[in-house]
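Residue numbers (the numbering used here): -18 to 600.
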Amino acid sequence: MTLSSDKELNGLDNPSFVGEDGSHHCAAQGPKEGGGMGHGSTKLAYTVTDVPPWYLCILLGIQHFLTAMGGLVAIPLILSRELCLQHDLLTQSHLISTIFFVSGICTLLQVLFGVRLPIIQGGTFAFLTPTLAMLSLPKWKCPAWTQNATLVNASSPEFIEVWQTRMREVQGAIIVASCFQIFVGFSGLLGFLMRFIGPLTIAPTITLVALPLFDSAGDDAGQHWGIAFMTIAVIVLFSQYLKDVPVPLPSYQRGKSCHVSLVYLFQIFPVLLGLSLSWLLCYVLTVTDILPADPTTYGHLARTDTRGDVLSRAPWFRLPYPGQWGVPTVSLAGIFGILAGVISSMVESVGDYYACARLAGAPPPPKHAISRGIGVEGIGCLLAGAWGTGNGTTSYSENVGALGITKVGSRMVTIAGACAMLLSGIFGKVGAILASIPTPVVGGMFLVMFGVITAVGVSNLQYTDMNSSRNIFIFGFSVFAGLTIPNWASKNSALLETGIIQLDQVIQVLLTTGMFVGGFLGFILDNTIPGTQEERGLLAWKHSHKGEVDNSQLVSKVYDLPFGIGTEHCSVSWFRYLPACPKRLPGGKNMDELKAAGQESSVKASSERDCEIGTDTRI
């Protein structure tokens, strides 16, 4: 392999390696000894600004879509029960198509105008918990007749009004709460908030996103524990035991014609393969009548024909549009509940940005790119509320991990994945197929996914000193209170009544949202109980989000707005004062990178000298 200047290859300033087959392999940033960020030995086929061949963009884009599919499908299926839609599979398929479509739009916005990293946007479980708490209010509990399949007529105006009023309430709360995220992002307020939010706030918050969902996962898996355990076993087998086993697949490369390539198929698609195999088994057991045909018998919902008619009734083409469920309504209770999810989602996304930059061979994101990314995520939540997905949008950690597997960090691949989401959202049959997954198969997937989310929350404690009794108390008490208080509040709502309906609803939603209770207690205790920065994990937390300073031209190429916006076009002097815009200095240098390099004082001195001799420093 020969070392060459990447300037000649793709216009980047970082060196890359050219293999004998002509493929590009760039040294990606990875952790080095001592905890800092350095250039490791991991080589990327394509970095963030590279453009792979069109066929590779399409294939890898579809892979990104399939990687995110598990989370995207899970959210509408969980919401359907609280929206009184458990017996209306056609509407469930419309919800799945809508979340695909909106996720595609949000991903395009994020990659083109947001943080500009190859990161997929999709629904978030952080919004799911407060949404379920809001829908559990007495006002929104489903009527008894909607729980009986024989009494539900999905096309009747009465039934449509029942579920659409609930959806419109969720939409309104998400739209208003998203305005807070837009403000925090584009105002630069996130940097101020992050001073007070550390691992002991994040850990109980994310942990309590998934823990309260054990009931939903258990109910679905309990429809047939044999099928559910098989689904779990296959997903675990693929994702943990066979993840390092390559599978030979035929491939084509110019100059080599047809040949066999080794692909880590099990590592890339464990959930998709697990669902497919369990689904196939359910089909075989249905055809052979091994599974009971009587709806009242245990195991009936594992049959594939219980949901079979949805595929024939679903339209081939259906274009989701804003306000398709009616005009959103707003209540104070819903807004406060969703705000807890917004804050959790923002902090998690910041971590995803740094991880994505490291795996995509990009320099660490500057402050203006992070602010812009959070602001665009807020716009994405606004769009999700307007379209009626029943959820918001956030960065997908699963797809960030996929970058490290595929060694392709090109944002053009992510754009292709977003287009695949848009097309899947328009083709109604795709959502119908996914809505017809047997219930115990979904339950098995939930058990694995919710377990991983819980572990992700706990993993934030790695930054703290867990030998400290202070930290053990804060985390343990926050998590346990986040389970206990919501459970008590949901059973004793009458004791919380103040006589003011709006206030009662706010109190009820907040106290029944475990992630709010646990996160709030963790935040208060961590900021009031004496402890050193090192003990609290704040030093290690900040160090993990701090990278080496890269060439300012490369930073500009990766993170500046596209089409020359703010530099060549639409460039005005006051842009430098906007938190979401790079602060340009004489010579095209960026203040964010210079600050990180400790050169700010010399820049200021240079600027002062320029002013003294009358030099115009405006861009």
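Backbone N, C-alpha and C fix where the C-beta goes; we use that ideal spot for every residue, glycine too.
Look at the Cβ atom of residue i, then the Cβ atom of residue j, and state whether they are nearer than 7 Å.
{"i": "P57", "j": "I77", "result": "yes"}
{"i": "A321", "j": "F497", "result": "yes"}
{"i": "L64", "j": "W121", "result": "no"}
{"i": "G398", "j": "F46", "result": "yes"}
{"i": "V215", "j": "G280", "result": "no"}
{"i": "P180", "j": "G438", "result": "no"}
{"i": "P231", "j": "L243", "result": "no"}
{"i": "D507", "j": "I455", "result": "yes"}
{"i": "V32", "j": "M393", "result": "yes"}
{"i": "G307", "j": "R451", "result": "no"}
{"i": "L71", "j": "R294", "result": "yes"}
{"i": "I100", "j": "G373", "result": "no"}
{"i": "S459", "j": "L502", "result": "yes"}
{"i": "V357", "j": "L90", "result": "yes"}
{"i": "V92", "j": "I355", "result": "no"}
{"i": "P303", "j": "Q152", "result": "no"}
{"i": "T105", "j": "S326", "result": "yes"}
{"i": "S376", "j": "D333", "result": "yes"}
If you reduce the DSSP assignment to three classes, tell me which class residue i lands in.
{"i": "S232", "result": "strand"}
{"i": "G304", "result": "coil"}
{"i": "V389", "result": "strand"}
{"i": "F46", "result": "helix"}
{"i": "Q248", "result": "helix"}
{"i": "Y334", "result": "helix"}
{"i": "F177", "result": "coil"}
{"i": "S405", "result": "helix"}
{"i": "T509", "result": "helix"}
{"i": "T375", "result": "strand"}
{"i": "T395", "result": "helix"}
{"i": "A8", "result": "Only weak support exists for where A8 lies, its pLDDT of 41 falling under 50; the coordinates are left without a value."}
{"i": "V165", "result": "helix"}
Could you check where the beta strand (DSSP E) with residue i kicks off and where it finishes?
{"i": "V244", "result": "S238 to V244"}
To the nearest angstrom, report how far apart residue i and residue j are at their CA atoms.
{"i": "A184", "j": "Y264", "result": "40 Å"}
{"i": "I414", "j": "A475", "result": "42 Å"}
{"i": "C562", "j": "D541", "result": "8 Å"}
{"i": "S137", "j": "L66", "result": "13 Å"}
{"i": "L520", "j": "Q514", "result": "6 Å"}
{"i": "I324", "j": "Q162", "result": "8 Å"}
{"i": "M115", "j": "G318", "result": "7 Å"}
{"i": "M211", "j": "L258", "result": "9 Å"}
{"i": "C337", "j": "A107", "result": "20 Å"}
{"i": "L621", "j": "W368", "result": "Any property of residue 621 remains undetermined from this structure, which presents the chain solely from -18 to 600."}
{"i": "F431", "j": "L442", "result": "18 Å"}
{"i": "I59", "j": "S197", "result": "7 Å"}
{"i": "G246", "j": "I43", "result": "For clarity, residue 246 is Leu in the given sequence; the question names Gly instead. If you take the alpha carbons of L246 and I43, they lie about 14 Å apart."}
{"i": "D275", "j": "T269", "result": "15 Å"}
{"i": "L559", "j": "G169", "result": "8 Å"}
{"i": "A343", "j": "V539", "result": "7 Å"}
{"i": "L118", "j": "I505", "result": "27 Å"}
{"i": "L199", "j": "P227", "result": "Position check: residue 199 holds Gly in this sequence, whereas Leu was assumed. Straight-line Cα distance between these residues: approximately 34 Å."}
{"i": "D69", "j": "F177", "result": "45 Å"}
{"i": "L194", "j": "T110", "result": "8 Å"}
{"i": "C239", "j": "A202", "result": "44 Å"}
{"i": "A158", "j": "W35", "result": "39 Å"}
{"i": "G424", "j": "Q204", "result": "8 Å"}
Could you give the residue range of the alpha helix (DSSP H) that holds residue i?
{"i": "C263", "result": "P251 to V268"}
{"i": "L359", "result": "Here residue 359 turns out to be Gly, not Leu, going by the sequence shown. Segment K348 to W368, the alpha helix (DSSP H) holding G359."}
{"i": "P344", "result": "Careful: P344 lies outside any alpha helix (DSSP H) and carries neither H nor E."}
{"i": "Q221", "result": "That residue, Q221, is in no alpha helix (DSSP H); it is neither H nor E in DSSP."}
{"i": "I183", "result": "P180 to A191"}
{"i": "R517", "result": "Q514 to R517"}
{"i": "A26", "result": "Note, A26: premise wrong, no alpha helix (DSSP H); not H, not E."}
{"i": "G203", "result": "Unbroken run through G203: none, as it is neither H nor E."}
{"i": "A436", "result": "T420 to S440"}
_Complete alpha helix (DSSP H) runs within the segment 452 to 505 (minimum length 4 residues, chain order)_ = List check, alpha helix (DSSP H) in window: 482 to 492.
_Contiguous beta strand (DSSP E) assignments of at least 3 residues, all confined to the segment 81 to 162_ = Look at the segment 81 to 162 and you find no whole run of beta strand (DSSP E) that is 3 residues long or longer.
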